[in-house]
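See structure below.
Residue numbers (the working numbering): 1020 to 1150.
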């Protein structure tokens, strides 16, 4: 909601950076996870720009859902490679891979549904209050 309300390139990255800093205060992996938050924000910004969503009066729920869902997938994939393959913080077993695939699937599916519903039904009601 914040990204499409501000409707300017870079807003997703800034919102993600703030969320990542707040998250890092409470998580033992916090400083490492800021990278994931930035990937999510930057990929959301890039996809919203590529789909010409910024500057639209009422953004298309399909474009917003696409951008949010793809960025969610990229974030999950990035976290897997960073935590399992690069830093070796967790054992890279078949069970861990299956659990990670399930977690990424849940995150992607919930992002798809919630971003679509929020853009389609909630944004129009909240927009007058935010602007």
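Where is the CB? At the ideal position from N, CA and C, for every residue including glycine.
This structure is a prediction, so every number in the text was calculated from the model and none was measured.
- Judged by DSSP in its simplified three-state form, residue 1080 adopts helix.
- Take the alpha-carbon of residue 1139 and the one of residue 1053: they are about 29 Å apart.
- Going by beta carbons, residue 1146 and residue 1024 fall inside the 8 Å limit.
- The alpha-carbon of residue 1129 is positioned some 25 Å away from that of residue 1044.
- For secondary structure counted as the alpha helix (DSSP H) over 4 or more consecutive residues, the region 1040 to 1109 holds these complete runs in sequence order: 1049 to 1069 and 1080 to 1099.
- Spanning the alpha carbons of residue 1107 and residue 1101 requires a straight line of approximately 8 Å.
- Cβ neighbours of residue 1031 within its own chain (closer than 6 Å, five residues either side excluded): 1022, 1060, 1063 and 1064.
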